[in-house]
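Novice: Start counting at 1 in the sequence shown, then tack on 1, and there's your number in our numbering.
For glycine and all other residues, C-beta sits at the position ideal for the given N, C-alpha and C.
Nothing here was measured: the structure is a model prediction, and the numbers come from that model.
Quick one: structure below, then a few questions.
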Amino acid sequence: MARLPIKTFPDPGLSRPCRQVREVDEDLKQLAQDMLETMYAAPGVGLAAPQVGRDLRLVVIDCVPRDEEPQPMVLFNPRIVHMEGQVIFEEGCLSVPGFTCDVTRAERVVVQAMDAEGRPFTVEGEGLMAICLQHELDHLDGRLFLDRISPLKRTLYKKRRLKQLKRDAE
Ligand code: K1U
Ligand code: ZN
C-alpha cells in the first residue's frame, strides 16, 4: 500500500469530469487500497480519484467513528439513483485547505456502484454517509463544495487561496 499526494485547489484536474471505469483490474484494485490508506492518513472520511490525480470514477469512503471497527467502502462508477430530503452540514475538503462552509444536500441517498472486486452493489446513506457520498460523487463530476456555496464566499476563498499560494512560492 502507498500514500498518495493529494491535489489541492486550483489544480485543473479537480474541475474536470472523470471517465467511467471499464474493468476493475489489479491496478485499479491497488489504486483503491492506496486511496483508502491515503484517506485514513489524511485523515478524512472519503476520497475521490481526481484528488490523487486520477481521471477515473472511483471513490473510497469510511464514515465510521475512528474508535470503531473500520468499514472501508470502495465504489467504482457510482451513481445516485434516489435522493430525498434536505440537510445543511458544514463541509470541508482535503483538496480545499483551510476552509469550511455550510452546504445544502439531500438527507438520504441511494447509490449503485461496483465494489472493490468489481461486483455491483447498492448502498443507502443517511447522515454523514449521505453527505460524504454526495461530496465524493461531486468530485467525479469536477465539482467542489465551493461550487455549492454563495458566489461571494467562493470568491473570497479563491482570492485568499491564490494569495497564500503566491506567498508560499516566494
Ligand atoms: O473529499 C474529501 O476531501 C474528503 C472529505 C469528505 C467530506 C465528507 C463529509 C463532509 C464533508 C467532507 C473529508 O473527509 S473532510 C474531513 C473529515 O474527516 C470529516 C468530515 C466530516 C465529519 C467528520 C470528519
Ligand atoms: Zn472533497
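Does the beta-carbon of H136, which I'm using as the reference point, lie nearer than 6 Å to any heavy atom of the ligand K1U?
Specialist: Translated into the one-based positions of the sequence shown, residue 136 becomes position 135. It does: the Cβ of H136 is within 6 Å (strictly closer) of some heavy atom of the ligand K1U.
Novice: On the criterion of 16 or more Cβ atoms from any shown chain inside 10 Å, does V82 qualify as buried, or is it exposed?
Specialist: As a working note, residue 82 is residue 81 in the sequence shown. That one is exposed.
Novice: Buried or exposed for L147, please, with buried defined as at least 16 other CB atoms from any protein chain shown within 10 angstroms of its CB.
Specialist: Position 146 of the sequence shown, counting from 1, holds the residue named residue 147. Result: buried.
Novice: Among the candidates D28, I89, K30 and F10, whose CA atom is the shortest distance from the CA of R161?
Specialist: By 1-based counting over the sequence shown, the position of residue 161 is 160. The option with the nearest alpha carbon to R161 is F10.
Novice: Per the DSSP calculation, I62 is bridged to which residue(s)?
Specialist: Here residue 62 is taken as the residue at index 61 of the sequence shown, counted from 1. Per DSSP, G47 and M74.
Novice: So, does the segment 131-143 touch the segment 72-88, judging by three or more C-beta pairs under 8 Å?
Specialist: Because the criterion of three Cβ pairs below 8 Å is met, the segment 131-143 and the segment 72-88 touch.
Novice: Secondary structure at F10, three-state DSSP: helix, strand or coil?
Specialist: Within the sequence shown, numbered from 1, the residue matching residue 10 stands at position 9. Here F10 sits in coil by DSSP.
Novice: Who's in the neighbourhood of the ligand K1U, going by beta-carbon under 5 Å from any heavy atom, listed in chain order?
Specialist: That query returns the following residues: G45, V46, G47, E92, G93, C94, L95, I132, C133 and H136.
Novice: So for E24, helix, strand or coil by DSSP?
Specialist: Translated into the one-based positions of the sequence shown, residue 24 becomes position 23. In this structure, E24 counts as coil in the three-state DSSP scheme.
Novice: Please list, in chain order, all residues of the same chain as R58 whose beta carbon is under 8 Å from its beta carbon, the five residues on each side excluded.
Specialist: Translated into the one-based positions of the sequence shown, residue 58 becomes position 57. Closer than 8 Å at Cβ, skipping near neighbours: C19, R20, Q21, V22, A50, F77, N78, P79 and L141.
Novice: Below 7 Å between beta carbons: does that hold for V53 and L5?
Specialist: For the purposes of this step, residue 53 is taken as residue 52 along the sequence shown, with counting starting at 1. For the purposes of this step, residue 5 is taken as residue 4 along the sequence shown, with counting starting at 1. Cβ atoms of V53 and L5: closer than 7 Å.
Novice: Taking 6 Å as the limit between beta carbons, can you name the residues of its chain near M74, skipping five residues before and five after?
Specialist: Taking the sequence shown and counting its residues from 1, one reaches residue 74 at position 73. For M74, where only same-chain residues beyond five positions count, the Cβ hits under 6 Å are I62.
Novice: Is the CB-CB distance between T105 and G93 below 7 Å?
Specialist: Start at 1 with the first residue of the sequence shown, and residue 105 comes out as number 104. Start at 1 with the first residue of the sequence shown, and residue 93 comes out as number 92. Contact flag unset, no.
Novice: Taking all protein chains shown into account, do 16 or more other C-beta atoms lie within 10 angstroms of the C-beta of S151, making it buried, or fewer, making it exposed?
Specialist: Mapped onto the sequence shown, residue 151 falls at position 150. Classification of S151: exposed, given that the 10 Å Cβ count is below 16.
Novice: With respect to the beta strand (DSSP E) encompassing A114, which residues constitute its N-terminal and C-terminal limits?
Specialist: Here residue 114 refers to the residue found at position 113 of the sequence shown. Taken as a continuous stretch (DSSP letters only), the beta strand (DSSP E) holding A114 covers R109 to M115.
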